[in-house]
Amino acid sequence: AFAESPVARGVLWAGSDDGLVHVSRDDGKTWKNVTPKGIGSWALVSIIEASPHDAGTAYVASNRYKQDDFRPYFFKTKDYGRTWKKITAGIPDDDFTRVIRADPAKKGLLYAGTETGAYVSFDDGGRWQRLGGNLPVVPIHDLVIKDDDLVLGTHGRAFWVLDDLQPLRQYGAQ
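When the letters of the sequence shown are read in order and numbered with the numbering used here, they come out as residues 329 to 502.
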């Protein structure tokens, strides 16, 4: 996994399939190991999402299903990885995580993909709730926010589009 900060030049994040997370604040000249405590050995870091709002904020999606550990592993840092917080409240203990994305227009609005579907958080990962509708129970491998739509890439059920994110953005403002 690799992400470049969209708000601060030179801030790069890298994650690997051995559970390590590194950050560089000088365009990759030097790297610091900032692996979240609790990520577990040999976790697969599938996605790092650099915040579109704050330079020091990033989100990590990882999983350990290959070690027979199906728990969700989402983490958030606000200080370039010095400290991390696990952000999985509301996601069942047996629903492992694949992807996390931050809404570019609404700070604190997050979208997630797990082994069984999609979730949304209106409070920067404090609590998650399932995105329902007619989306079947299906692994979500990637999420992309494009032109105010949320595009979900699934395993075996094609692409799904939640068009017009404005209602979610307005709901989160309450």
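Here a beta-carbon is modelled for each residue, glycine too, at the ideal position from N, C-alpha and C.
Val-489 and Ile-375 have their alpha carbons spaced roughly 20 Å apart. In the same chain as Gly-356, and ignoring 5 residues on each side of it, the C-beta atoms closer than 6 Å to its own belong to Leu-340, in chain order.
In the DSSP secondary-structure assignment, Asp-470 is bridged to Gly-481. When the alpha-carbon of Ala-446 is set against those of Trp-412, Pro-464, Gly-436 and Lys-435, the nearest one is in Pro-464.
Residue burial is scored here from C-beta neighbours: Phe-450 has at least 16 other C-beta atoms within 10 angstroms and is therefore classed as buried. In the structure shown, Leu-496 falls within a helical segment according to DSSP collapsed to helix, strand and coil. Per DSSP, reduced to three states, the secondary structure at Lys-394 is helical.
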